[in-house]
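Notes follow once the structure below has been shown.
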């Protein structure tokens, strides 16, 4: 869904990547620590801090790939590490949201499960040779919706943030269904 923004992001990030001649895996490993800051923010009802930390974590997630591509350091291990760190970050953020009481534990566990399952289905599809970048709620979209929901909850009432999490669970499971259907069509 956000794939159409890649040329614009590349144009913006290439100058930054040129000046960051470091191992992109170092940037990748920093992202879950920023997600801990987001979780801390949500757990302590500091929704703005949570949003800023998600934004910074997402920025680092884009920068690591830009650095890897610009300096020709892309690798299968780097892609694996990036995906793994993204799953850590997703779970950590939702744990902070659950701890902060923005949703009950069951909805929170479904949020973690649905987020991880979206990525698992893609990884499993690609292991079968099927590219699987389909679905309405890929990770970047989910993080944007989460930030918008937190901001709405901050400026109005926290219950709207709770509704956002429920909507994210639904959208994530719809995405899982879309990806399963896509793979079924590709492999039949």
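Residue numbers (my numbering): 3 to 190.
Virtual Cβ for every residue (Gly too), placed ideally from N, Cα, C.
These numbers come from a predicted model, not from an experiment.
Mind reading off the beta-carbon distance from residue i to residue j? Whole number of angstroms is fine, and I expect it under 8 Å.
i	j	result
residue 163	residue 154	7 Å
residue 120	residue 33	About 18 Å separates the two Cβ atoms, so there is no contact after all.
residue 125	residue 167	Not quite, the Cβ-Cβ distance comes to about 24 Å (not below 8 Å), so this is no contact.
residue 1	residue 38	The question about residue 1 has no answer, for the chain in this structure spans 3 to 190.
residue 127	residue 92	With 8 Å as the limit, residue 127 and residue 92 do not qualify as a contact, their Cβ atoms being about 19 Å apart.
residue 69	residue 10	Actually they do not touch by this definition, with Cβ atoms about 18 Å apart.
residue 2	residue 109	This structure leaves residue 2 out entirely; the chain is present only between 3 and 190.
residue 189	residue 130	7 Å
residue 212	residue 132	Residue 212 lies beyond the stretch modelled for the chain, which goes from 3 to 190, so this question has no answer here.
In chain order, what residues of the same chain lie with their CB nearer than 7 Å to the CB of residue i, ignoring the 5 residues before and after it?
i	result
residue 107	100
residue 20	72
residue 136	180, 181 and 184
Starting from the C-beta of residue i, find all residues in its chain whose C-beta is less than 6 Å away, skip the five residues before and the five after it, and write them out in chain order.
i	result
residue 52	40, 43, 44 and 152
residue 30	66, 83, 84 and 87
residue 96	110, 113 and 114
residue 139	173, 174 and 177
residue 98	41, 44 and 45
For residue i, which residues of its own chain have a beta-carbon under 8 Å away from its beta-carbon, when the five flanking residues on both sides are left out?
i	result
residue 46	102
residue 104	44, 155, 160, 163, 164 and 167
residue 134	123, 124, 127, 128, 181, 184 and 185
residue 16	68 and 72
residue 79	27
residue 77	70
Worksheet item: If we count Cβ pairs, one from each stretch, closer than 8 Å, do we get three or more for the stretch 68–81 versus the stretch 23–33?
Response: yes
Worksheet item: Is the stretch 52–68 close to the stretch 146–161, with three or more CB pairs under 8 Å?
Response: yes
Item to complete: State whether the stretch 83–92 contacts the stretch 58–67, with contact taken as three or more CB pairs (one from each stretch) at a distance under 8 Å.
Response: yes
Discussion item. At 4 residues or longer, what runs of the alpha helix (DSSP H) sit wholly inside the stretch 98–183?
Written reply: 107–129 and 141–157
Worksheet entry | In chain order, each alpha helix (DSSP H) run of at least 4 residues that lies wholly inside the stretch 23–63 | The qualifying runs are 26–45.
Fill in: Uninterrupted beta strand (DSSP E) stretches inside the stretch 70–96 (no shorter than 3 residues)
none
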